[in-house]
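So in the UniProt record's numbering, spot 236 of the sequence shown is number 236, and the numbers just go up one at a time.
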Amino acid sequence: MTTNRSILISGASIAGPALAFWLRRHGFDPVVVERAPAFRDGGHAIDLRGVSREVVARMGLMAEVRGASIGTRGMSFVDAGGRRRASMSADMLGGEGPVAEVEILRGDLARVLYDATRGDTEYVFGDSVAALADDGGGVEVTFESGSRRRFDLVAGADGIHSTTRALAFGAEERFSRHLGSYTSFFTIPYPERHERWDRYHTPLGGRVAAIRPTARPEEAKALFGFRSPPLNYDRRDVDQQKKILADRFAGVGWEVPRLLDAMWDAPDFYFDTVGQIRMERWSSGRTVLLGDAACCPSALTGLGTSLALVGAYVLAGELAAADGDHRAGFTAYEREMRQYATSAQARAGDGSTSFLFPTSNAHIWLRNTMMRTIPYMPWKKIVARRLQQADAITLKDYPS
Ligand SMILES: Cc1cc2nc3c(=O)[nH]c(=O)nc-3n(C[C@H](O)[C@H](O)[C@H](O)COP(=O)(O)OP(=O)(O)OC[C@H]3O[C@@H](n4cnc5c(N)ncnc54)[C@H](O)[C@@H]3O)c2cc1C
Numbered sequence: 001m002t003t004n005r006s007i008l009i010s011g012a013s014i015a016g017p018a019l020a021f022w023l024r025r026h027g028f029d030p031v032v033v034e035r036a037p038a039f040r041d042g043g044h045a046i047d048l049r050g051v052s053r054e055v056v057a058r059m060g061l062m063a064e065v066r067g068a069s070i071g072t073r074g075m076s077f078v079d080a081g082g083r084r085r086a087s088m089s090a091d092m093l094g095g096e097g098p099v100a101e102v103e104i105l106r107g108d109l110a111r112v113l114y115d116a117t118r119g120d121t122e123y124v125f126g127d128s129v130a131a132l133a134d135d136g137g138g139v140e141v142t143f144e145s146g147s148r149r150r151f152d153l154v155a156g157a158d159g160i161h162s163t164t165r166a167l168a169f170g171a172e173e174r175f176s177r178h179l180g181s182y183t184s185f186f187t188i189p190y191p192e193r194h195e196r197w198d199r200y201h202t203p204l205g206g207r208v209a210a211i212r213p214t215a216r217p218e219e220a221k222a223l224f225g226f227r228s229p230p231l232n233y234d235r236r237d238v239d240q241q242k243k244i245l246a247d248r249f250a251g252v253g254w255e256v257p258r259l260l261d262a263m264w265d266a267p268d269f270y271f272d273t274v275g276q277i278r279m280e281r282w283s284s285g286r287t288v289l290l291g292d293a294a295c296c297p298s299a300l301t302g303l304g305t306s307l308a309l310v311g312a313y314v315l316a317g318e319l320a321a322a323d324g325d326h327r328a329g330f331t332a333y334e335r336e337m338r339q340y341a342t343s344a345q346a347r348a349g350d351g352s353t354s355f356l357f358p359t360s361n362a363h364i365w366l367r368n369t370m371m372r373t374i375p376y377m378p379w380k381k382i383v384a385r386r387l388q389q390a391d392a393i394t395l396k397d398y399p400s
């Protein structure tokens with residue numbers, strides 16, 4: 001590759017390292033900058049669905065991913081006394097149901113991608129882009145540390161609150177869409193060793209609390225969610241966010257009091273809106289976005305990781321196919337990915353909110369009855385086909 005070889009990638013989670021992987025394969029020179037001071041482990045459990053598994057297979061990393069996967073057997077809804085009211089195994093709906101066949105912690109997947117790239121890709125931790133000056137022939141990047149470097153292109157893989165997007169496209173409010181709920185998760189000690197089932201409890205009031213296994217038997221992830229209009233809080237004030245959660249779930253039964261107790265000491269508390277990023281264009285001049293930064297579909301869809309992995313594959317492939325010409329490459333990337341991203345985002349509206357955040361006993365009864373009866377229903381195949389939306393893109397071959 002002779003044109004536009006040097007590419008700065010902002011963000012070292014899923015989309016960033018995956019893009020670095022494919023860019024190297026095609027002969028580019030990526031550099032990854034990550035705001036965290038060191039590689040970030042941890043995070044929540046994510047499902048690898050449909051075509052994203054094909055991307056991982058093309059990377060030759062499926063054995064590593066399966067080796068680190070959680071092996072979750074399914075999900076159950078339990079009542080306040082902990083009794084199972086409805087369950088769905090992971091293999092029901094062809095491995096594409098609420099629990100997918102391959103479930104892995106975000107950090108463990110990121111680790112596989114990081115290990116596969118760090119030998120031949122420069123990673124800079126503890127820094128962030130602060131200014132981008134695109135002069136038509138390249139991008140002069142100023143970092144928060146004060147250093148400056150010039151790159152041919154810049155790719156923003158820095159998540160739903162992307163700094164790259166803010167610098168190159170404008171304020172987040174222009175593109176973000178709150179979907180009416182918040183989510184939170186954190187790691188808890190789980191000395192009694194859990195079964196490999198996700199357990200969810202949905203008290204009324206549009207709330208959900210869950211305990212989800214990890215690949216480590218002595219720990220679990222606590223997951224919370226609740227319906228709410230946009231809240232006014234400080235994104236850097238973790239204690240304020242913990243207080244919001246504690247207030248919302250005060251008085252709820254099941255294991256919730258124990259989870260809330262553990263929350264105050266959790267090493268990795270996360271709290272955020274359940275939202276989407278919708279943009280008409282994912283590129284501006286020499287800067288391009290991918291993953292959550294470009295088209296976050298929200299946690300409700302279970303497709304954000306797929307969009308990140310597939311987007312990295314397509315972006316690198318189209319740039320290479322255009323011989324490094326960023327105008328042609330970015331246009332082809334958007335054309336290939338647009339429909340896939342739109343259908344993934346549409347999935348957030350298809351009943352997942354009532355499924356997870358019921359507001360009435362009728363909702364709960366309907367959901368539990370549907371889960372109990374679905375294995376015996378002829379329309380099981382229709383539901384499975386709808387969930388196959390994860391495959392709404394046919395991967396091209398991009399010779400490297
Ligand atoms: C509770 C929950 C459950 C989910 N479940 C699923 C699921 O089941 N299936 C699924 O497919 N997806 C799921 N997702 C979504 C999935 O986690 C994301 O879609 C995916 O991680 C997107 O990857 P990304 O690399 O684009 O962004 P992110 O994973 O958000 O990574 C962004 C990276 O950029 C870094 N960064 C941020 N700002 C800067 C900066 N200024 N400079 C440098 N670096 C920066 C961050 O530290 C981070 O490392 C879930 C999300 C949540 C919150």
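Quick reminder that beta carbons are idealized off the backbone N, C-alpha and C, glycines included.
Computed from a predicted structure; not experimentally measured.
The segment 225–243 touching the segment 1–21, judged by at least three CB pairs closer than 8 Å
no
So, are the CB atoms of residue 452 and Ala157 less than 8 Å apart?
Here the chain has residues from 1 to 400 only, and residue 452 is not among them.
Rounded to a whole number of angstroms, what is the C-alpha to C-alpha distance between Ala90 and His326?
Here residue 90 refers to the residue found at position 90 of the sequence shown. Here residue 326 refers to the residue found at position 326 of the sequence shown. Each residue's alpha carbon lies about 41 Å from the other.
Provide the residue span of the beta strand (DSSP E) that contains Thr187, from first to last.
Along the sequence shown, read from residue 1 onward, the residue named residue 187 stands at position 187. Ser176 to Pro189 is the span of the beta strand (DSSP E), which, as asked, contains Thr187.
Cα-Cα separation between Ile70 and Ala45, rounded to whole angstroms:
Position 70 of the sequence shown, counted from the first residue, corresponds to residue 70. Position 45 of the sequence shown, counted from the first residue, corresponds to residue 45. About 8 Å.
Extent of the continuous beta strand (DSSP E) to which Tyr200 belongs:
By 1-based counting over the sequence shown, the position of residue 200 is 200. From DSSP, the beta strand (DSSP E) with Tyr200 extends over Trp197 to His201.
Flag this pair as touching only if the segment 49–59 and the segment 72–86 have three or more C-beta atom pairs under 8 Å; answer yes or no.
no
Give the DSSP-derived three-state secondary structure of Met59 in the structure shown.
What you label residue 59 is simply residue 59 of the sequence shown in a count that begins at 1. Residue state, collapsed to three classes: helix.
Tell me the residue span of the alpha helix (DSSP H) that contains Glu173.
By one-based count along the sequence shown, residue 173 stands at place 173. Unbroken run through Glu173: none, as it is neither H nor E.
Where in the segment 228–268 do unbroken runs of the alpha helix (DSSP H), each at least 4 residues long, occur, reported from the N-terminal end onward?
238–248 and 256–263
Pull up the DSSP beta-bridge partners for Leu48, would you.
The sequence position of residue 48 within the sequence shown is 48, counting from 1. According to DSSP, which records beta bridges pairwise, Leu48 is partnered with Val102.
Assuming Gly304 is part of the alpha helix (DSSP H), what are its boundary residues?
Translated into the one-based positions of the sequence shown, residue 304 becomes position 304. That run of the alpha helix (DSSP H) goes Gly304 to Ala321.
Would you kindly check if the distance between the Cβ of Val32 and the Cβ of Thr121 is under 8 Å?
Mapped onto the sequence shown, residue 121 falls at position 121. Mapped onto the sequence shown, residue 32 falls at position 32. Against a cut-off of 8 Å, the Cβ pair of Val32 and Thr121 comes out as a contact.
What is the rounded straight-line gap between the Cα of Phe143 and the Cα of Asp127?
Locating residue 143 in the sequence shown gives position 143, counting from the first residue. Locating residue 127 in the sequence shown gives position 127, counting from the first residue. Phe143 and Asp127: Cα-Cα distance of roughly 7 Å.
Using the beta-carbon count (16 or more within 10 Å), is Asp47 buried or exposed?
The sequence position of residue 47 within the sequence shown is 47, counting from 1. Buried.
Can you list, in chain order, the residues of its chain with a C-beta nearer than 8 Å to that of Gly317? Leave out the 5 residues immediately preceding and following it.
Along the sequence shown, read from residue 1 onward, the residue named residue 317 stands at position 317. The residues are Trp22, His26, Lys396 and Tyr398.
By the three-class DSSP mapping on this structure, what secondary structure does Asp292 have?
Your numbering for residue 292 matches position 292 in the sequence shown. DSSP places Asp292 in helix when its eight states are reduced to three.
Ala15 CB to nearest heavy atom of ligand 1 below 7 Å:
As a working note, residue 15 is residue 15 in the sequence shown. The answer is yes for Ala15.
Taking Ala133 as part of the alpha helix (DSSP H), name the residues at either end of that continuous run.
Walking along the sequence shown from the start, residue 133 turns up at place 133. Per DSSP, Ala133 belongs to no alpha helix (DSSP H); it is in the beta strand (DSSP E), Val129 to Asp134.
Who are the near neighbours of Ala392 in its chain, counting only those whose CB is closer than 6 Å to its CB and skipping five residues on each side?
Translated into the one-based positions of the sequence shown, residue 392 becomes position 392. Hits under 6 Å: Tyr340 and Ser343.
Going by DSSP in three states, Thr331 sits in which element: helix, strand or coil?
Stepping through the sequence shown from its first residue, residue 331 is reached at position 331. Thr331 falls in the helix class under three-state DSSP.
At the level of alpha carbons, what is the spacing between Met337 and Met279?
Position 337 of the sequence shown, counted from the start, is the residue given in the question as residue 337. Position 279 of the sequence shown, counted from the start, is the residue given in the question as residue 279. Each residue's alpha carbon lies about 13 Å from the other.
Just curious, the beta strand (DSSP E) that Phe355 is in, first and last residue?
The residue given as residue 355 occupies position 355 in the sequence shown. Element bounds for Phe355: not the beta strand (DSSP E) but the alpha helix (DSSP H), Ser352 to Leu356.
From Met59 to Ile104, what does the alpha carbon distance come to, in whole angstroms?
Your numbering for residue 59 matches position 59 in the sequence shown. Your numbering for residue 104 matches position 104 in the sequence shown. Straight-line Cα distance between these residues: approximately 17 Å.
Express the C-alpha separation of Gly11 and Arg35 in angstroms, rounding to a whole number.
Position 35 of the sequence shown holds residue 35. Position 11 of the sequence shown holds residue 11. Computed Cα separation, rounded: 7 Å.
I'd like the list of long-range same chain contacts for Leu109, defined as Cβ closer than 8 Å, with 5 residues on each side in sequence excluded.
Taking the first residue of the sequence shown as position 1, residue 109 is located at position 109. Excluding sequence neighbours, Leu109 sits near Ile14, Ile46, Leu48, Val65, Ala68 and Thr305.
Rounded C-beta distance between Gly275 and Leu179? I'm assuming under 8 Å.
As a working mapping, residue 275 is identified with position 275 in the sequence shown. As a working mapping, residue 179 is identified with position 179 in the sequence shown. So it is a contact: roughly 6 Å between Cβ atoms.
Report yes if the CB atom of Ala209 is closer than 8 Å to the CB atom of Trp282, and no otherwise.
By 1-based counting over the sequence shown, the position of residue 209 is 209. By 1-based counting over the sequence shown, the position of residue 282 is 282. The answer is no: Cβ separation not under 8 Å.
The segment 212–222 in contact with the segment 169–187 per 3-pair CB rule at 8 Å
yes
Which residues DSSP lists as bridging Val274, in chain order
Residue numbering aside, residue 274 sits at position 274 when the sequence shown is read from its first letter. Answer is Ser181.
For Ile70: DSSP bridge partner residues
Position 70 of the sequence shown, counted from the first residue, corresponds to residue 70. BP columns for Ile70 are empty, so no partner.
Whole-angstrom Cβ separation of Gly119 and Gly43, contact assumed at under 8 Å?
Counting from one through the sequence shown, the residue named residue 119 turns up at place 119. Counting from one through the sequence shown, the residue named residue 43 turns up at place 43. So it is not a contact: roughly 23 Å between Cβ atoms.
Drop a sphere of 10 angstroms on the beta-carbon of Asn4, count the other beta-carbons inside from all chains shown, and report buried for 16 or more, exposed for fewer.
The residue given as residue 4 occupies position 4 in the sequence shown. The residue in question, Asn4, is buried, as its Cβ has 16 or more Cβ neighbours within 10 Å.
Measure the CB-CB distance between Ser284 and Asp152 and report whether it falls below 8 Å.
Your numbering for residue 284 matches position 284 in the sequence shown. Your numbering for residue 152 matches position 152 in the sequence shown. Not closer than 8 Å, so no.
Supposed close pair Leu259, Ala246 - CB separation, criterion 8 Å:
Counting from one through the sequence shown, the residue named residue 259 turns up at place 259. Counting from one through the sequence shown, the residue named residue 246 turns up at place 246. 10 Å between Cβ atoms; not a contact.
If you compare alpha carbons, which of Ser145, Phe77 and Phe39 is closest to Tyr123?
Walking along the sequence shown from the start, residue 123 turns up at place 123. Tyr123 has its Cα closest to that of Phe39, out of Ser145, Phe77 and Phe39.
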